[in-house]
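Data block below; observations after.
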Amino acid sequence: NAGVTQTPKFRILKIGQSMTLQCAQDMNHNYMYWYRQDPGMGLKLIYYSVGAGITDKGEVPNGYNVSRSTTEDFPLRLELAAPSQTSVYFCASSYSRGTGFNEQFFGPGTRLTVL
Amino acid sequence: KQEVTQIPAALSVPEGENLVLNCSFTDSAIYNLQWFRQDPGKGLTSLLLIQSSQREQTSGRLNASLDKSSGRSTLYIAASQPGDSATYLCAVCYETSGSRLTFGEGTQLTVNP
Numbered sequence: 091n092a093g094v095t096q097t098p099k100f101r102i103l104k105i106g107q108s109m110t111l112q113c114a115q116d117m118n119h120n121y122m123y124w125y126r127q128d129p130g131m132g133l134k135l136i137y138y139s140v141g142a143g144i145t146d147k148g149e150v151p152n153g154y155n156v157s158r159s160t161t162e163d164f165p166l167r168l169e170l171a172a173p174s175q176t177s178v179y180f181c182a183s184s185y186s187r188g189t190g191f192n193e194q195f196f197g198p199g200t201r202l203t204v205l
Numbered sequence: 844k845q846e847v848t849q850i851p852a853a854l855s856v857p858e859g860e861n862l863v864l865n866c867s868f869t870d871s872a873i874y875n876l877q878w879f880r881q882d883p884g885k886g887l888t889s890l891l892l893i894q895s896s897q898r899e900q901t902s903g904r905l906n907a908s909l910d911k912s913s914g915r916s917t918l919y920i921a922a923s924q925p926g927d928s929a930t931y932l933c934a935v936c937y938e939t940s941g942s943r944l945t946f947g948e949g950t951q952l953t954v955n956p
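Chain order of the listed sequences is H and B. Residue numbering for the first sequence follows my numbering, starting at 91 and increasing by one per position. Residue numbering for the second sequence follows my numbering, starting at 844 and increasing by one per position.
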């Protein structure tokens, strides 16, 4: 298994540009997440999905959009890039059933700079 | 507000020392707590997951404990090695947050040869 994969690894955007960060997992996990990590800080949840076709906002959703058309893929869209979106973005997935939640597995991250 | 706090923010120890990293959380109603390791410029690697009903989990030289009543978890690393140098993150899955994790800011560990 490749686990959780993310592309691209690095990207530089100009203010106002848009882009999509790709995330895929091959573990048949139903839950997927997008986090951002600013320097010296913990991770903050942007959006998450409990299954194909179902998404919900996390702690810091403004400026981002997501979709989940398949179990495997969970892309994150930035429509109008702003310097405040300079960060490292991590995608994660987990399998959960019933009332319990299992460990989350993380991708290697995408380092985004907006100039 | 449900928060997670990790103290200290940074720790430097000589090789071979046993050490404890601390994590505190503000609400005892949790599903689980997860410890991660993050190397510079890399993603997060899951180390240990403790479910709400468990008191501790062990993996090799690592032992994580959970005390919900006091809102605390500790990660014990035995016989530390330079390869243990990394940032260690604690994340809590609160019952009111569903599957979402709330992260601490991490403890940056340096093990000196």
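Ideal placement from N, C-alpha and C gives every residue a C-beta, glycine not left out. These numbers were taken from a predicted model, which means no experiment stands behind them.
Length-filtered (3 minimum) beta strand (DSSP E) runs lying within the region 900-948 of chain B: Those beta strand (DSSP E) runs which fall completely within the region 900-948 of chain B and span 3+ residues are 905-910, 915-920, 929-937.
Spatial distance of W124 (chain H) from L135 (chain H) (CA atoms): Taking the straight line joining both Cα atoms gives about 6 angstroms.
Whole-Å CB distance - Q849 (chain B) paired with C933 (chain B), under 8 angstroms assumed: Indeed, because the Cβ distance is near 6 angstroms, the residues count as touching under 8 angstroms.
Cross-chain neighbours of C936 (chain B) in chain H, by beta carbon under 8 angstroms: Result: F191.
Span of the beta strand (DSSP E), counted from its first residue to its last, around N120 (chain H): N120 (chain H) -> no beta strand (DSSP E), and no H or E assigned at all.
Close-in-space but distant-in-sequence residues of the same chain around S944 (chain B) (CB under 8 angstroms, 5 per side omitted): Note that residue 944 (chain B) corresponds to Leu in the displayed sequence, not to Ser. The beta carbon of L944 (chain B) lies closer than 8 angstroms to those of Q877, A934, V935, C936 in the same chain, with the five residues before and after it left out.
Sequence-distant residues of the same chain with beta carbon closer than 8 angstroms to L205 (chain H), five excluded per side: Only I102, L103, K104, I105, P173 meet the Cβ criterion.
is_contact[G143 (chain H), chain B] using C-beta, thresh 8 angstroms: Taking a beta-carbon distance threshold of 8 angstroms, G143 (chain H) does not count as an interface residue toward chain B.
Local conformation of P151 (chain H) per DSSP, three classes: In the structure shown, the three-state DSSP call for P151 (chain H) is coil.
Closest residue to V140 (chain H) among H:L133, H:V150, H:T97, H:N118 (Cα-Cα distance): That would be H:N118, whose Cα lies nearest to the Cα of V140 (chain H).
Reference G148 (chain H), options H:S159, H:L166, H:Q115, H:E162, closest by Cα: Nearest option by C-alpha distance: H:L166.
For Q877 (chain B), the three-state DSSP class (helix, strand or coil): In this structure, DSSP gives Q877 (chain B) an extended state, which the three-state scheme calls strand.
Positions along the region 126-159 of chain H whose CB lies within less than 9 angstroms of some CB in chain B: The region 126-159 of chain H vs chain B, Cβ under 9 angstroms: Q127, G130, M131, G132, L133, K134, L135, Y138, V140, D146, G148, E149.
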